[in-house]
Amino acid sequence: MSVNIFYATETNKSLKYAIKLSDALISKNIDVGVHSFDDYFYSEIALFITSTFYDGQVPKNGRVFFKKLKIAAKNNDLEFKPPKFFAIFGLGSTAYLSLFNLVAKQIYGYLITLNSISMLSPVYSDEYGDMEAVFDNWVSNVCDSLTNNNYQTNQNPKSSEIIDTNNKPDVSDIEDLSLMLTPSLSKNLKKQGYSLVGTHSAVKLCRWTKSMLKGRGGCYKNTFYGIISSSCMEATPNLACANKCVFCWRHYTNPVGTKWRWNADEPDKILKGMLEEQNKLINSVINGVKTEINKFKGVKHCALSLVGEPVMYVHINKLIELFHKEKISTFLVTNGQFPDQMRALKDVTQLYLSIDAGDPVSLREIGRPLFTDYWERLLECIDILKEKRGRTVFRLTLVKGINDETTDSNKEEQERNENILGGYISLIKRGTPDFVEIKGVTFCGWTQDSGLSMKNVPYHNDVINFAIQLINGLEGYEIACEHEHSCCILIANTKYKKNQKWYTWINFDKFNEDLQGIEYSCETPDWALFGSREKGFNPNETRYQRKKNQIK
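Numbering-wise (this note's numbering), the sequence shown opens with residue 1 and increments by one.
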């Protein structure tokens, strides 16, 4: 018999599963080949493994095959030869509701229409379940079917029994999932260096924390706001997000969702767990660096920006209150998809809103939000941010060739520039944030899912030029600070400029008082200012450059 495995993937997970299935079949002395969907050829027995990409799309390496299959099923095209027998395994997420495993469901339906015989019932796995265990069970069933020749006696369902791809997923207790962290998810996150706290929180040691502990400089938050990087903790009370941004450096291993549907850990336990894990991580760094041990005075600041959407956590206000009681300042970053939660959010030291694009079409392409009304949600969050008493920030991540302005002089590119800049300017005018951070995207390795490469990473001068173009369309904003190493620029509202002096730093003796943002600000040192010879590098630190390998 002729057996071949065909896979379609954006993140290589389906390929990994295809290889695992191949190994299992080979162990049963079954000859098998592994191919992408677009390399499809007739095989008596075909085993399909596919994910469903954002917005119900077919993964890139399966679109040619899918188009041919669809045309054949719709038009009874005899030129396309479907397999005689097949089985299919889908990888999906119930967070996408009606789009859950859509590609696998459609392929199943088309093959049945073309009279291919299904060896087994289709399996539509869910990332919120134990996908690894579900796949292993499917592999076992495939092996049994092939070794025992059970598939030859199978009969297809009647057409009325074929799964309706327009229906919502038939997943039991989808709204009553208890634990966010599945075993496979925990394993992947730990592998990436996350220290997990409870059932839905995490901390991770930032490279700049390690850098300042070693006397090698702090991050842009140290330059712009006076945050001591060695005492900064990067954390999240919620690993789930409602976006899958193309530039996300978390490798899409965190769950996605549009509402909180898990058991919620108590905020005091989360705080305790975060501080304990951060201390362990710090001790692992300062062990053997005794001259710098005094730099760590305990956690003094928490950036709730590690991964996921913090405002989704149902006890976020209580958690922030506990941080402030411990005299730990807080920065909170939101993607602007939860206006109700944002409206209910109490004061944080500094509230961020990620603005990844200036128009709805670009935001859909870059942010890949789960909500269909994502643009309306973002605009509502901008309006809410405008009314907040504390310090507010728009964060722009600049991706070269995608959401930046170009230097090309042709008419088409000039119009593109005007649309990009005009969109951002309009949003800034609407929300009037205290600050606008513009940071060049960090390249974290190429993946099919993001499609980004080093060519998408702007130089520091590119970020400066974009900032200049932006403030040319705004009143009451100027470039205040820069951190060249992070490829980051700070635009500030001129209300933070008094007597030609900038006051972007935070007065940490006052941040916990009931004050307007400007009232707990203090003067920015000269070395942090835009145009300084230090370019934002703290002169109290020692610049470190790795030695390049020399050819001997």
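Idealized CB from N, CA, C, for every residue including glycine. Note that the coordinates shown come from a computational prediction; the quantities given were computed from them, not determined experimentally.
Scan the region 96 to 126 and note each continuous alpha helix (DSSP H) run of 4 residues or more that stays entirely inside, going in chain order.
Runs of the alpha helix (DSSP H) inside the region 96 to 126: 102 to 113.
Cα-Cα separation between residue 74 and residue 366, rounded to whole angstroms
33 Å
Within the same chain, show all residues whose beta-carbon is closer than 7 Å to that of residue 535, passing over the 5 residues directly before and after it, in chain order.
Excluding positions up to five away in sequence, the list reads 482, 484.
Would you tell me roughly how many angstroms separate the C-alpha atoms of residue 42 and residue 269, rounded to the nearest one?
Pairing residue 42 with residue 269, the inter-Cα distance amounts to about 57 Å.
Can you tell me which of 90, 56, 357 puts its alpha carbon nearest to the alpha carbon of residue 99?
Per the Cα distances, 56.
What first and last residue would you give for the alpha helix (DSSP H) that runs through residue 460?
Residue 460 -> alpha helix (DSSP H) spans 460 to 471.
Going by C-alpha distance, which of 94, 49, 68 is nearest residue 142?
49
Report yes if the CB atom of residue 428 is closer than 8 Å to the CB atom of residue 436, and no otherwise.
yes
Presumed contact (8 Å Cβ cut-off) between residue 335 and residue 254, rounded CB distance
Their Cβ separation, rounded to whole angstroms, is 13 Å, which puts residue 335 and residue 254 out of contact at 8 Å.
Sequence-distant residues of the same chain with beta carbon closer than 6 Å to residue 434, five excluded per side
391, 392, 493, 517
Measuring alpha carbon to alpha carbon, tell me which of 506, 426, 486, 523 ends up nearest residue 614.
Nothing can be reported for residue 614, as the shown portion of the chain is limited to 1 through 552.
Label residue 342 either buried or exposed according to how many other C-beta atoms from any shown protein chain fall within 10 Å of its C-beta, with 16 as the threshold for buried.
Buried, because 16 or more other Cβ atoms sit within 10 Å of the Cβ of residue 342.
Extent of the continuous alpha helix (DSSP H) run through residue 381:
374 to 386
Alpha carbon to alpha carbon, what distance is there between residue 496 and residue 463?
Looking at the backbone, the Cα of residue 463 and that of residue 496 are separated by about 22 Å.
Measuring straight from C-alpha to C-alpha, what distance separates residue 36 and residue 7?
About 5 Å.
Just how far apart, CA to CA, sit residue 626 and residue 332?
The structure shown does not extend to residue 626, since the chain is modelled only from 1 through 552, so no value can be given for it.
Beta-bridge pairing of residue 35 - partner residues as DSSP gives them
6
Would you grab the beta carbon distance between residue 204 and residue 234 for me? Rounded to a whole angstrom, and I think it's under 8 Å.
The C-beta separation of residue 204 from residue 234 comes to about 6 Å, placing the pair in contact by the 8 Å criterion.
Pull up the distance between the alpha-carbon of residue 222 and that of residue 32, whole angstroms please.
56 Å
Since residue 330 contacts residue 304 with CB under 8 Å, what's their CB separation in whole angstroms?
Contact between residue 330 and residue 304 holds: their C-beta atoms lie close to 6 Å from each other, under 8 Å.
Using the three-state DSSP reduction, which class does residue 176 fall into: helix, strand or coil?
In this prediction, residue 176 scores a pLDDT of 43, lower than 50, which makes its location untrustworthy; no coordinate-derived value is stated.
Going by the CB atoms, is the gap between residue 87 and residue 585 shorter than 8 Å?
With the chain covering 1 to 552 only, the question about residue 585 has no answer from this structure.
How would you call residue 545, buried or exposed, if buried means at least 16 neighbouring beta carbons within 10 angstroms?
exposed
Output needed for residue 47: all residues of its chain with C-beta closer than 6 Å, excluding positions within five of it in sequence on either side, in chain order.
5, 87
My output table needs one value for residue 445: the three-state DSSP class, helix, strand or coil.
Note that residue 445 has pLDDT 49, beneath the 50 cutoff, so the model's placement of it is unreliable and no number is given.
Would you mind working out which of 84, 151, 278 sits nearest residue 195, comparing C-alpha positions?
278
The beta strand (DSSP E) spanning residue 357 covers which residue range?
Looking at the DSSP string, residue 357 is not in any beta strand (DSSP E), and its letter there is neither H nor E.
Using 8 Å for Cβ pairs, my map puts residue 553 next to residue 364. What's the rounded Cβ distance?
Since the first residue shown for the chain is 1 and the last is 552, residue 553 is missing from the structure and cannot be characterised.
Span of the alpha helix (DSSP H) around residue 391
No alpha helix (DSSP H) contains residue 391, which is instead part of the beta strand (DSSP E) from 391 to 398.
Euclidean distance between Cα positions of residue 232 and residue 323
So the alpha carbons of these two residues sit roughly 13 Å apart.
Sequence-distant residues of the same chain with beta carbon closer than 7 Å to residue 22, five excluded per side:
5, 32, 34
Identified DSSP bridge partners for residue 477
493
Three-state secondary structure (DSSP) of residue 502:
In the displayed model, residue 502 falls within a strand according to three-state DSSP.
Using three-state DSSP, classify residue 162 as helix, strand or coil.
Any answer about residue 162 is weak, because its pLDDT of 46 lies below 50 and its placement is not dependable; what the coordinates show is given next. Reduced to three states, the DSSP call for residue 162 is coil.
If you check the beta carbons only, do residue 216 and residue 541 fall under 8 Å apart?
yes
What residue from 213, 469, 480 has the CA that sits closest to residue 532's CA?
480
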